[in-house]
Amino acid sequence: MDTNAMFKIGYGLYVLTAAENGKDNGCIVNTFQQVTSDPLRVCVCVNKANYTCGMIERTGVFNVSVIDESASFQLFRHFGFQSGKEVDKFAADIDAPRCANGVRAINSSTNAVICARVVQKIDLGTHLMFIADVTDAVIKSALETATYSYYQRVIKPKPAKAPAKKGWRCLICGYFYEGETLPADFICPLCKHPASDFERVQ
Ligand SMILES: Cc1cc2nc3c(=O)[nH]c(=O)nc-3n(C[C@H](O)[C@H](O)[C@H](O)COP(=O)(O)O)c2cc1C
């Protein structure tokens, strides 16, 4: 089985935001999509280890900002490579006004914002899948949505030169694991993706 086939799925990329007890947070996801049109429902899968996951589980409310092709790698680093458990991702001057549901949404590098309220939660083991009613939606620009393959081809920086050592490189964020064998249960310390998302570097 070639699990690289998963990279052929036409994912978009999103900033998933939540708010709880005066704290705002958000993370990058690719697992967001519409599931029904009447009622208008969406779903998103969030790793239980992510701070955003618990916030959504407890509050039942989230927003999704659809990332467009003007986004820089810094946006992915900010929301995707660090956790709200350790940093306040909204402490800096981030252009992210609060929507009517009380949850913030990024205002630049996004072509649409979708606000949602959870109606069902499915436990998938490592992840929770939230199925939610769309409570509001707004188009922000005419720019194209940044797909996962666009992120890989254009946004993610290329390594300056091949590392001299043997190891494994995370296909998602570029993290390098030095060593002959990558443990099967290895989780990328930067973006939390599993061993199946690493490629061998000779
Ligand atoms: C391109 C990309 C796609 C990602 N997709 C998902 C996803 O679909 N679900 C998820 O739970 N985490 C995903 N992540 C990882 C989270 O964004 C990351 O673990 C983040 O630091 C979690 O932040 P938090 O702990 O503040 O919630 C993705 C990261 C990147 C860079």
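With the first letter of the sequence shown counted as 1, position 172 gets the number 167 in the working numbering; the numbers rise by one all the way through.
Glycine included, each C-beta is placed from N, C-alpha and C at the ideal position.
- Leucine 177 carries a coil assignment under DSSP once its states are collapsed to helix, strand and coil.
- Closer than 6 Å to some heavy atom of ligand 1: that describes the Cβ of asparagine 42.
- The C-beta of valine 133 has fewer than 16 other C-beta atoms within 10 Å across all chains shown, which makes the residue exposed.
- For ligand 1, no non-hydrogen atom lies closer than 6 Å to the CB of lysine 156.
- Using a cutoff of 6 Å, the CB of isoleucine 23 counts as near ligand 1, since one of the ligand's heavy atoms is closer than that.
- Collapsing the DSSP output to three states places alanine 13 in a strand.
- With a cutoff of 7 Å on beta-carbon distance, alanine 86 and asparagine 102 are scored as not near each other.
- In this structure, leucine 123 and glutamate 194 do not form a Cβ contact; the two beta carbons are roughly 28 Å apart against a cut-off of 8 Å.
- Linking glycine 7 to aspartate 131 through their CA atoms gives a straight-line distance of about 19 Å.
- Within the chosen limit of 6 Å, ligand 1 does not reach the beta carbon of asparagine 58 with any heavy atom.
- Of the heavy atoms belonging to ligand 1, at least one sits nearer than 6 Å to the Cβ of cysteine 186.
- For isoleucine 51, the enclosing alpha helix (DSSP H) has its first and last residue at 46 to 54.
- According to the DSSP secondary-structure assignment, serine 32 is paired through a beta bridge with Leu35.
- Straight-line measurement puts the Cα of lysine 3 at about 28 Å from the Cα of alanine 100.
- Remark: C-beta atoms of tyrosine 170 and leucine 185 approach each other more closely than 7 Å.
- If you ignore the 5 residues before and after valine 30, its C-beta comes within less than 7 Å of the C-beta of Arg36, Val37, Cys38, Ile126, all in its own chain and listed in chain order.
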